[in-house]
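Participant: First residue of the sequence shown? That's 4 in our numbering, and the numbers climb one at a time after it.
Mind looking over this structure? Questions follow.
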Amino acid sequence: MASDDIILEERLHNYLTRYIKKSKLVAPKFYITNGAKKGDNYVGLIYRVTIESNENGEIEKRRLIVKTARAILIPGAPDFTNMFQREMFFYQEAVPTFRETLKEHGIIERFPTFYDAEGEMGKEVITRAIVK
């Protein structure tokens, strides 16, 4: 395993630990798999994460897509931080407005549930539900 992979996995693990703490999940376990083939996402890396927790005596599963910034910068690449900031804005500001508008007009919305984002430069993370 390359050292960049180890750094990224540590960042992902640390982020998931913070996310679980913020979400106040009881007795959580998480499982991480690749969410896309290598090279499919130019801006970042995508993971599928399943978090199992104990809610009212029952096991509840939360299936997430976690998109992270790459651990290394690619020379000549566009400003990934700016791209992540735009995507965070979309999920945090635009989607709720779209949802409300669709609801007012009786239209079923199909946006993925947005759970969390962190925007620290070079360590950006976006977490949302898996679209079914």
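Heads up, the beta-carbon is just placed ideally off N, CA and C, and yes, glycines get one too.
Would you check if there are 3 or more beta carbon pairs closer than 8 Å linking the region 105-112 to the region 120-135?
Facilitator: no
Participant: State the start and end residues of the unbroken alpha helix (DSSP H) segment that holds Asn85.
Facilitator: 83-92
Participant: Considering Cα atoms alone, identify which of Phe33, Glu61, Val52, Thr84 is closest to Val46.
Facilitator: Thr84
Participant: Taking only runs that begin and end inside the region 14-59, name each unbroken beta strand (DSSP E) of 3 or more residues, in chain order.
Facilitator: The region 14-59 contains, as complete beta strand (DSSP E) runs of 3+ residues, the segments 32-37, 47-58 (chain order).
Participant: Check the C-beta distance from Ile49 over to Ala39 and give it rounded, since I have them as a contact under 8 Å.
Facilitator: 4 Å
Participant: Any beta-carbon of chain B closer than 7 Å to the one on Thr53?
Facilitator: Absent from the structure: chain B. Only one protein chain is present.
Participant: Grouping DSSP H, G and I as helix and E and B as strand, with all else coil, what is Arg102?
Facilitator: helix
Participant: For Arg51, which residues of its own chain have a beta-carbon under 6 Å away from its beta-carbon, when the five flanking residues on both sides are left out?
Facilitator: Thr36, Gly38
Participant: Please state the DSSP three-state secondary structure of Glu121.
Facilitator: strand
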